[in-house]
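In this note's numbering, the protein residues as written are 429 to 570. Even for Gly, the Cβ is constructed at its ideal location relative to N, Cα and C. These numbers were taken from a predicted model, which means no experiment stands behind them. The structure appears right after this line, and notes come after that.
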Amino acid sequence: MTGVEVGIIVFPPDNKPYSFGHPNVNETINKYVCEERPPSPSSSGIDDKYVQMFRKANSITLITQLNTLQDQLDFAFNLKSKLKEKNKNLESQQEWFRGPIEKLNNTEASMLKEGLEDLLLKLKNYGTERGYGYENGKWKAE
């Protein structure tokens, strides 16, 4: 291949940028970043200015994206730990429900009664919505 221009700049986490370019990394980058080419590759001050502008613009965008992703990741980890804790609390609160009904204390028995009454109310509403009536403990079509 002839006429190929390559410019690679790597910014590793330790803030030591590495670059490679053929024929020249500054010239290659400037060709795509600027609307006009710098006057000559020998004037390194102009090349460095464009490269620094490119690095700054690119790094600001990348830092913004990184911060956004880091915030999302932190939120997800925080949510995960909260959900695990809630799940653990719910499981420990509902252990009594799996045991025999004779071993329930007054609080647990009243919670069970309220839950069953709520379930019965939901069933009555469900049947009424579908055209069934509930009287004296029996369902009948209306």
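Count the other CB atoms within 10 Å of the CB of residue i; is the residue buried (16 or more) or exposed (fewer)?
| i | result |
| --- | --- |
| residue 465 | Low confidence applies to residue 465: its pLDDT is 48, below 50, so where it sits in the model is not reliable, and the reading given next is rough at best. Residue 465 is exposed by the Cβ-count criterion. |
| residue 533 | exposed |
| residue 435 | buried |
| residue 438 | exposed |
| residue 432 | exposed |
| residue 456 | buried |
| residue 495 | exposed |
| residue 564 | exposed |
If you follow the alpha helix (DSSP H) that residue i is in, where does it begin and where does it stop?
| i | result |
| --- | --- |
| residue 457 | 453-461 |
Which two residues bound the contiguous beta strand (DSSP E) that contains residue i?
| i | result |
| --- | --- |
| residue 435 | 434-438 |
Pull the bridge partners of residue i from the DSSP assignment, please.
| i | result |
| --- | --- |
| residue 447 | 437 |
| residue 431 | DSSP lists no partner for residue 431. |
| residue 568 | 561 |
Using CA atoms only, rank isn't needed, just tell me which of the options is closest to residue i.
| i | options | result |
| --- | --- | --- |
| residue 449 | 458, 442, 443, 441 | 458 |
| residue 527 | 540, 447, 561, 546 | 540 |
| residue 451 | 430, 443, 502, 559 | 430 |
Mapping the DSSP letters down to three states, classify residue i as helix, strand or coil.
| i | result |
| --- | --- |
| residue 556 | helix |
| residue 550 | helix |
| residue 494 | helix |
| residue 466 | Any answer about residue 466 is weak, because its pLDDT of 48 lies below 50 and its placement is not dependable; what the coordinates show is given next. In the structure shown, residue 466 sits in coil (DSSP, three-state: anything other than H, G, I, E or B). |
| residue 533 | coil |
| residue 527 | coil |
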